[in-house]
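Structure, as structure tokens:
Chains as they are written, first to last, in our numbering: chain A, 4 to 417; chain B, 4 to 291.
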């Protein structure tokens, strides 16, 4: 499909993880399709991961999202075998890591795959640089070499100047940068991030997410990122896997997840977190806007209408009230100067149109490269209303539209 | 009639050991005697005044560590202790207890060293194995709650009289905190730090030396302080089997009902206790 030209980096095959003494029995029951709760009831075993099958591609950010207890962090620990799965296989570059002996497992942890932890897991008795160099120290690299690399990596995560401080003296966000630098310092191919930003306060968190994306553009690692936050998943993930009770419910791009939730669970998740997907164009649009009739109204009338209504953009309709496009004040004035009788030549026609049932989330992308309002039309292409930037922003942040306009204007004047 | 002769069995076992393992115990006797004698020799080597200054300087260095030795804070932290060392030891010297004081230092240091050398590794093993921990725990309880006088009896049988049975009884009595607090310290190292270190490919040995022991160090050193204090509390008891030092003077004071002797020697023990306690505590704190 869409991924056919991508290289598979990690392949998870029939992965199961059961905690408890009657594992075999529990495993059989899950194979028969019993739920986590039923298995727990029958055998006293907890099914943490239930028959996971998926591939992660080279260089992508693969996000596993689920509520606490969904088994996501446990599954991540199977990748470097901090926890050993009960059955199944994980292939990294087609090598099955389940068959590795202790020594090869250590080699893999040292060279291929490092991890960033929710609570940082830094060594509090050591400096920042010594923490970052820890992976290389374990490998037995020479001290100068590892410090040089550590300083370089520290610079990469923006902690320059803090190299010789103790980690305990740093704020949470900075400590996690150290955690990230430590994981990057050994040049691993795969980065496992276990709720890496969950312990940080929201502002720092957003900042770290952006920086991770920036960094990822440069380093191009394969990242497996665990989170319980859908917004974070949508922001970071190239693809997202949603996990519930040890089962992977859906895997897809952020868009797939938002647009076509696989089941009610995902749907509830998506709706709860992101209101822009429930709110439709119809509910935020400005109904029956003043418009220009292409047959009857020329530049003079249009300019006059603009002055009257205080708009600098007006929709243009044909005689059957079908929506044609927009005219902008400067263009109309230009047409007037040239003594044109009609505004036909200055209508901007190639504009997006949406139905009144379209969710706001789907309108948002238009605004990335487009500054006009979005037209809401019915099946016959009759104009029903317009959705402005401010209306959408107001909806997203929960403020009144007037406030948004004020903020926007305040911002541009400064 | 029920007649459990547990004591008799223990006695028989001890007798059997003292006959059949005589060579082993002789070896230990020679070893411990060697340690105590050489420590004593070193401590008695410099002139008492020089020794006072040396101990005062050591106290100053340990107490003022990390605060800057010549700064005001360093002087405040280390100066008081150095002064106490000089005055305390001078008074003891003046009362004619110099030799006994040094003997006590030697006995306590030798016993504590042995207890630490045995206790810390055992504690490390106990921290890595729950089953070993559950075996060791009641043994430690036994060692700590059995009245220390009782240890003197087999100690005499095995090691005759003198410093050695005293040291052995002291080691047995003061060993538990070294094991317990090492075990506790290592188990108390944050799980996520250990997990993170493993995820970077640490071997068990690397994990122990680079992560667990350094992080457990404050707790381990608290154990060391406890060991030293318990060892010191044994000096009078140990003198009953012939161990020398201030303990013996106290013991003589008791036997002769000599208040003056008892008080002076007792005061000496207090001075030694304060010096050893403050210094071993400060050594633990300055690690943080």
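Beta carbons are placed, not taken as given, at the ideal position from N, Cα and C, and that holds for glycine.
Counterpart residues of residue i in DSSP-defined beta bridges
i, result
"residue 217 of chain A", "Partner(s): none; residue 217 of chain A has no beta bridge."
"residue 247 of chain A", "A/250"
"residue 92 of chain A", "A/16"
"residue 385 of chain A", "A/325"
"residue 283 of chain A", "A/362"
"residue 118 of chain A", "A/195"
"residue 98 of chain A", "A/95"
"residue 112 of chain B", "For residue 112 of chain B, which the question treats as bridged, DSSP gives no partner whatsoever."
"residue 226 of chain A", "A/64 and A/194"
"residue 390 of chain A", "A/377"
"residue 21 of chain A", "A/50"
CB contact flag (residue i, residue j, <8 Å)
i, j, result
"residue 225 of chain A", "residue 193 of chain A", "yes"
"residue 77 of chain B", "residue 67 of chain B", "yes"
"residue 166 of chain B", "residue 246 of chain B", "yes"
"residue 89 of chain A", "residue 30 of chain A", "yes"
"residue 242 of chain B", "residue 103 of chain B", "no"
"residue 118 of chain B", "residue 275 of chain B", "no"
"residue 199 of chain A", "residue 219 of chain A", "no"
"residue 369 of chain A", "residue 380 of chain A", "no"
"residue 296 of chain A", "residue 320 of chain A", "yes"
"residue 179 of chain B", "residue 147 of chain B", "yes"
"residue 247 of chain A", "residue 36 of chain A", "no"
"residue 215 of chain A", "residue 239 of chain A", "yes"
"residue 436 of chain A", "residue 77 of chain A", "This structure gives no information on residue 436 of chain A, because the portion of chain A shown stretches from 4 to 417."
"residue 183 of chain B", "residue 126 of chain B", "yes"
"residue 100 of chain A", "residue 131 of chain A", "no"
"residue 228 of chain A", "residue 64 of chain A", "yes"
"residue 266 of chain A", "residue 252 of chain A", "yes"
"residue 244 of chain B", "residue 155 of chain B", "yes"
"residue 391 of chain A", "residue 249 of chain A", "no"
Per-residue DSSP class, three states only, for residue i
i, result
"residue 67 of chain B", "coil"
"residue 7 of chain B", "coil"
"residue 38 of chain B", "helix"
"residue 11 of chain A", "strand"
"residue 32 of chain B", "helix"
"residue 161 of chain A", "coil"
"residue 211 of chain A", "helix"
"residue 262 of chain B", "helix"
"residue 103 of chain A", "coil"
"residue 288 of chain A", "coil"
"residue 191 of chain B", "coil"
"residue 291 of chain B", "Confidence at residue 291 of chain B is low in this model, with a pLDDT of 45, below 50, so its placement is unreliable and no value can be given for it."
"residue 417 of chain A", "Note that residue 417 of chain A has pLDDT 37, beneath the 50 cutoff, so the model's placement of it is unreliable and the number below is only indicative. DSSP places residue 417 of chain A in coil when its eight states are reduced to three."
"residue 24 of chain B", "coil"
"residue 300 of chain A", "coil"
"residue 180 of chain B", "helix"
"residue 256 of chain A", "coil"
"residue 60 of chain B", "helix"
"residue 293 of chain A", "coil"
"residue 2 of chain A", "Limits of chain A in this structure are 4 at one end and 417 at the other, which puts residue 2 of chain A out of reach."
"residue 317 of chain A", "strand"
"residue 242 of chain A", "strand"
"residue 84 of chain A", "coil"
Burial state of residue i (16 or more Cβ within 10 Å)
i, result
"residue 172 of chain A", "exposed"
"residue 95 of chain A", "buried"
"residue 44 of chain B", "exposed"
"residue 101 of chain B", "buried"
"residue 7 of chain B", "exposed"
"residue 267 of chain B", "buried"
"residue 212 of chain B", "exposed"
"residue 417 of chain A", "Legend: pLDDT at residue 417 of chain A = 37, less than 50; position of this residue unreliable, value from coordinates given subsequently. Burial call: exposed."
"residue 264 of chain A", "buried"
"residue 291 of chain A", "exposed"
"residue 18 of chain A", "buried"
Proximity test, Cβ basis, 8 Å: residue i and chain E
i, result
"residue 113 of chain A", "Going by chain labels, chain E is absent from the structure shown, which instead holds the protein chains A and B."
- Message: To test your reading of the DSSP string, which unbroken alpha helix (DSSP H) runs of 4 or more residues are found completely within the region 121-158 of chain A?
- Response: 131-135 and 137-142
- Uninterrupted beta strand (DSSP E) stretches inside the region 23-63 of chain A (no shorter than 3 residues): 49-60
- Task: Just list the beta strand (DSSP E) runs in the region 196-253 of chain B, keeping only unbroken ones of 3 residues or longer that don't cross its boundaries, in chain order.
- Result: none
- Ordered list of alpha helix (DSSP H) runs contained in the region 329-360 of chain A, each at least 4 residues: 332-340
- In the region 122-172 of chain B, which residue ranges form an unbroken alpha helix (DSSP H) of at least 4 residues, counting only runs that do not cross its ends? 133-148 and 151-162
- Task: Go through the region 158-207 of chain A residue by residue and report every complete run of the alpha helix (DSSP H) that reaches 4 residues or more, in order.
- Result: 175-187
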